[in-house]
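Q: Take this structure, written in structure tokens, and hold onto it; I'll ask about it next.
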Amino acid sequence: MSWLPVLSVLVPLTTAVLGLAASGSARVQRGLTLFGSTVFLAVALALLSAVWQHGPVAAQMGDWAAPFGITLIADTLSAAMVLITAITGLACAVYAAGDIDDGRRRQGFYPMLQFLLAGVSGAFVTGDVFNLYVWFEVMLISSFALMSLGAGRRQIDGAVKYVALNLVSTLLFLAAIGLLYGMTGTLNFADLHGAVQEVDNPGLLAAVAVMFLVAFGIKSAVFPLFFWLPASYHTPPMAIAAVFSGLLTKVGVYALIRIFTIVFTDEALGDHFAYVQGLLLWIAGLTMVTGVLGAACQSDIRRILSFHIISQIGYMVMGLALYTTLGLVGAVFYLLHHIVVKANLFLVAGVIERLTGSFELKRIGGLYAVSPLLAVLFLIPAFSLAGFPPLSGFWAKFVLVRAGLEVESWWIVAAALVVGLLTIFSMTKIWGEAFWKPHPGGTAALSLPAGRRAGVAVGPLVAPIAALALITITIGLFAQPLYLLAERAAAELLDPTAYITAVFGSLPVEPAVVEPTPAAEAP
Amino acid sequence: MTAWTDAVSMEPVLAVVAGVLTAAAVYLMLSRNLVRFLFGLMLLSNAVNIVIFASGRLTLVAPPLIPGDAVAPAATVANALPQALILTAIVIGFGLLSFVMVLVWRAYVSLGTVDTDAMREAEPVEEDADPPPGDPASVPSPARGS
């Protein structure tokens, strides 16, 4: 039993509770959150290094044996996702110090952010499908609160749509869990892997698989189910939008990858697997294309970026849909690189608004002359998103395209390349309008940024942006370590033997004592 | 014991109840009125709970209690897990639904409508119709009393 998977949930939870207790003092609460986020980052690093050295790390809650108790388990993918969650959380906590007004802080921004991180991290390390639901809910309720914090008119409008569609997804997910349990009698991922292969009606199993697909599809905003995202992500303050854009949809993608590699595998679904795989491939292609086209006709930076989240989700689903080792390597690589890049772009958008007074491209401009540093810091994530060679996005796209060519899936490769090109169009549009074009209000409008905010320093806002950009460059220049990590994660996903052994093999007590569940007989 | 209390005949009944609840929920959720949507969500969450309950199998056997000196039940006992799952789902569902209720009320107060088609605050029809840069909350609300 290792404490690391437990700590990766416990640390943000503790930080949140202490943060609630300290809500009287802004300074104490901020300091506490920054400290907690740093500890979380350290725990995540320790978890990843433990997983790297010893393989999947499991923890049985209360020492109840595996299929009966609650299992927390981190394999390479989970550990890497927890690490990237911790990085994003820390960056946004630092950024929030200069972005979140005191009203929102009093309403509980910092504790909610930590609850959100706990939910995300819990979803990554949980070992059974019902607890995945529970952690989704922890994440969801905190995100609801963050989304409507401050209760501006736009925010309330966005929150209504966000909340409504996500609740539908949640209920669908829960119903699918019920049906899966009815067929297999278990909820533990490792146990399900074997149990689903004994279900004698693969058609019914495929129907449940598609229910999971739709439920996680809504969460990850894939093609016909993404409408809540562009309706809501541009409404909260950028520190909140950055966490959302970086993490929330990616938890949905993670859940898709997890459930389709350990539960609904090709052995379990039989002939129906090709159908589900084909469906995923179509979803991937259409998600990429609609997302990028949606972005092309927007003129608000936040909305352009929101639509690009959707388009990028398509790439990750493409990696899963190809269902080869290289495809999954690409999906995992893309997932990890994208979280950093996307969160960073939203943070940059926040600074752009600080300096120019608007997110609307028609109303802003002239930033290159005022702040060349910001221009460079925008260029790095923007071009990484589009997939320019020395940056992280290039490698992610390169692996995916190569995986597509390997299985001769020509049209998805074509879609991936064209969408990459259209991404450059959107990014150059922001570049041209916000940085090169002179400000419509003259340079005077820039020298005293938006009057009311003149007293706010941009310095603390730029530090996390620079740090995230540095990560993007590092991944780009030294892609090999991350590629190896993704390769190992993909190998573990396609051959879950190590995962299953870790869940069932690490029992410290003899079985007679740890069999407390009344062996419920399913007739 | 009459046929109606027999577990075997209860499963189709529960299936029909879950189906009817889902149908009613979908009908309500197709409405543009947020309050109706909310009622739809409530019905759907109950339908899902019934599905989980039925998927654990309905049996007329002993309660899942084990004598103090044993580690396993002597005979077949009822499946306690679905009940635990539903209990969790009810608690979570209750929390979420209370949040949504307050959110809908708040939306009515600050946007002055519960018709989702009329809620175009975050996505204005005309992009130029954006309110001037400033705190959106400071725009006077059309609703009374806010």
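Chains Y and W supply the protein sequences, listed in that same order.
With my numbering applied, the first sequence corresponds to residues 1 to 523, in that order.
With my numbering applied, the second sequence corresponds to residues 1 to 146, in that order.
C-beta: ideal position from N, C-alpha, C; glycine also.
With respect to 7 Å, is the separation between the Cβ of Y/Q480 and the closest non-hydrogen atom of the ligand COA below this value?
A: With respect to small molecules bound, the structure shown includes none, and the ligand COA cannot be examined in it.
Q: Where in the region 310-359 of chain Y do unbroken runs of the alpha helix (DSSP H), each at least 4 residues long, occur, reported from the N-terminal end onward?
A: For the region 310-359 of chain Y, whole alpha helix (DSSP H) runs of length 4 or above, ordered along the chain, are 325-356.
Q: For Y/Q60, write down the residues that DSSP places opposite it in a beta bridge.
A: Taking the first residue of the first sequence as 1, we reach residue 60 of chain Y at position 60. Its beta-bridge partners are Y/T71.
Q: For Y/I262, collect the residues of the same chain with a Cβ closer than 6 Å to its Cβ; drop the 5 residues on either side in sequence, then sort them by chain order.
A: Counting from 1 along the first sequence, the entry for residue 262 of chain Y is found at position 262. Around Y/I262: F189, H193, P496.
Q: Compute the Euclidean distance between the alpha carbons of Y/W135 and Y/L417, then round it to the nearest angstrom.
A: Indexing the first sequence from 1 puts residue 135 of chain Y at position 135. Indexing the first sequence from 1 puts residue 417 of chain Y at position 417. Rounded to the nearest angstrom, the two C-alpha atoms are 35 Å apart.
Q: Looking at chain C, is there any beta carbon in it that lies within less than 8 Å of the beta carbon of W/L34?
A: Absent from the structure is chain C; the protein chains it does hold are Y and W.
Q: Hey, Y/L77 and Y/A396: beta-carbon distance below 8 Å or not?
A: Within the first sequence, residue 77 of chain Y is the residue found at index 77, counting from 1. Within the first sequence, residue 396 of chain Y is the residue found at index 396, counting from 1. No; because the gap between Cβ atoms is not below 8 Å, this pair is not in contact.
Q: Relative to the alpha-carbon of Y/P381, which residue among Y/L470, Y/A463, Y/R27 has its alpha-carbon at the smallest distance?
A: Residue 381 of chain Y sits at position 381 when you count from the first residue of the first sequence. Per the Cα distances, Y/L470.
Q: Look at Y/S299 and Y/L361 and say whether their C-beta atoms are less than 8 Å apart.
A: Along the first sequence, one-based indexing puts residue 299 of chain Y at 299. Along the first sequence, one-based indexing puts residue 361 of chain Y at 361. Yes.
Q: Any C-beta of chain Y within less than 9 Å: which residues of the region 51-65 of chain W qualify?
A: V51, I52, F53, A54, S55, G56, R57, T59, V61, P64, L65
Q: Would a check of beta-carbon distances place Y/T235 closer than 8 Å to chain W?
A: Start at 1 with the first residue of the first sequence, and residue 235 of chain Y comes out as number 235. Cβ-Cβ to chain W under 8 Å: yes for Y/T235.
Q: Check whether the region 114-127 of chain Y touches the region 95-105 of chain Y, taking contact to mean three or more Cβ pairs, one atom from each stretch, closer than 8 Å.
A: no
Q: In chain Y, which residues lie less than 9 Å from W/V100 when you measure between Cβ atoms?
A: Here residue 100 of chain W corresponds to residue number 100 of the second sequence, with the count starting at 1. Those are F144, V160, V163, A164, L167, listed as they occur along chain Y.
Q: Quick check: the Cα distance between Y/L279 and Y/A22, rounded to an integer number of angstroms?
A: As a working mapping, residue 279 of chain Y is identified with position 279 in the first sequence. As a working mapping, residue 22 of chain Y is identified with position 22 in the first sequence. Approximately 49 Å between the Cα atoms of the pair.
Q: Who does W/V77 pair with in a DSSP beta bridge?
A: Looking up residue 77 of chain W in the second sequence gives position 77. According to DSSP, W/V77 bridges with W/A62.
Q: Which bits of chain Y does W/E121 rub up against, with CB to CB less than 7 Å?
A: Taking the second sequence and counting its residues from 1, the one referred to as residue 121 of chain W is at position 121. What W/E121 touches in chain Y: R153, R154, D157.
Q: Starting from Y/N188, follow its DSSP beta bridges and name the residues at the other end.
A: Within the first sequence, residue 188 of chain Y is the residue found at index 188, counting from 1. DSSP lists Y/D128 as partners of Y/N188.
Q: Among Y/A369, Y/L377, Y/L484, whose alpha-carbon lies nearest the alpha-carbon of Y/T325?
A: Working through the first sequence from its first residue, we reach residue 325 of chain Y at position 325. Of the listed residues, the one whose Cα sits closest to Y/T325 is Y/L484.
Q: Between Y/L171, Y/G62, Y/K161, which lies nearest to W/R120 when the distance is taken from Cα to Cα?
A: Within the second sequence, residue 120 of chain W is the residue found at index 120, counting from 1. Measuring from the Cα of W/R120, the nearest candidate turns out to be Y/K161.
Q: Return helix, strand or coil for Y/D99, following the three-state DSSP convention.
A: In the first sequence, residue 99 of chain Y corresponds to position 99, counting from 1. Helix.
Q: Does Y/Y275 pass the burial test, meaning 16 or more other C-beta atoms within 10 Å, or should it be called exposed?
A: Counted from its first residue, the first sequence places residue 275 of chain Y at position 275. With fewer than 16 other Cβ atoms within 10 Å, it is exposed.
Q: Would you say W/T88 reaches chain Y, if we count a Cβ-Cβ gap shorter than 8 Å as a contact?
A: As a position in the second sequence, residue 88 of chain W is number 88, starting the count at 1. Interface residue, yes.
Q: If the criterion is Cβ atoms closer than 8 Å, does the pair Y/T265 and Y/R154 meet it?
A: Mapped onto the first sequence, residue 265 of chain Y falls at position 265. Mapped onto the first sequence, residue 154 of chain Y falls at position 154. No, the Cβ-Cβ distance between Y/T265 and Y/R154 is not below 8 Å.
Q: Could you name the residues that DSSP lists as bridge partners for Y/N166?
A: If you number the first sequence from 1, residue 166 of chain Y lands on position 166. Note: Y/N166 sits in no beta bridge, so no partner.
Q: Of all the CB atoms in chain Y, is at least one closer than 8 Å to the CB of W/G68?
A: Locating residue 68 of chain W in the second sequence gives position 68, where the first residue counts as 1. Not an interface residue.
Q: Is there at least one Cβ from chain W nearer than 8 Å to Y/F346's Cβ?
A: Within the first sequence, the letter at position 346 stands for residue 346 of chain Y. Not an interface residue.
Q: Should W/S9 be flagged as near chain Y, meaning a C-beta pair shorter than 8 Å?
A: As a working note, residue 9 of chain W is residue 9 in the second sequence. Closer than 8 Å: no.
Q: Give every residue of the same chain whose Cβ lies closer than 6 Å to the Cβ of Y/A242, excluding the five residues on either side of it in the sequence, and list them in chain order.
A: Position 242 of the first sequence, counted from the start, is the residue given in the question as residue 242 of chain Y. The residues are C92, A343, F346, L347.
Q: Whole angstroms is fine: what's the gap from Y/E94's alpha carbon to W/G56's?
A: The residue given as residue 94 of chain Y occupies position 94 in the first sequence. The residue given as residue 56 of chain W occupies position 56 in the second sequence. Correcting the residue identity first, residue 94 of chain Y is Val in this sequence and not Glu. Looking at the two C-alpha atoms, the distance is approximately 47 Å.
Q: So with CB distances below 8 Å, who are the chain Y contacts of W/G19?
A: Against the second sequence, residue 19 of chain W aligns to sequence position 19. Residues of chain Y passing the Cβ test: none, with the nearest at roughly 12 Å.
Q: What residue does the alpha helix (DSSP H) around Y/W411 start on, and which one ends it?
A: In the first sequence, residue 411 of chain Y corresponds to position 411, counting from 1. That run of the alpha helix (DSSP H) goes 410-430.
Q: Specify whether the region 361-371 of chain Y and the region 387-405 of chain Y touch according to this definition: at least 3 beta carbon pairs, one from each stretch, less than 8 Å apart.
A: no
Q: On the DSSP bridge assignment, give the partners of W/D115 in chain order.
A: Mapped onto the second sequence, residue 115 of chain W falls at position 115. According to DSSP, which records beta bridges pairwise, W/D115 is partnered with W/N33.
Q: Contact defined as beta carbons within less than 8 Å: I believe W/F53 pairs with W/I86. What is the distance between those atoms, to the nearest angstrom?
A: Within the second sequence, the letter at position 53 stands for residue 53 of chain W. Within the second sequence, the letter at position 86 stands for residue 86 of chain W. Right, their Cβ atoms sit about 6 Å apart.
Q: Please confirm whether Y/E137 and W/I66 have their CB atoms less than 8 Å apart.
A: Counting from one through the first sequence, the residue named residue 137 of chain Y turns up at place 137. Counting from one through the second sequence, the residue named residue 66 of chain W turns up at place 66. No. Outside cutoff.
Q: Checking the sheet assignment: what are the DSSP bridge partners for Y/D300?
A: Along the first sequence, read from residue 1 onward, the residue named residue 300 of chain Y stands at position 300. For Y/D300, DSSP records a beta bridge to Y/E360.
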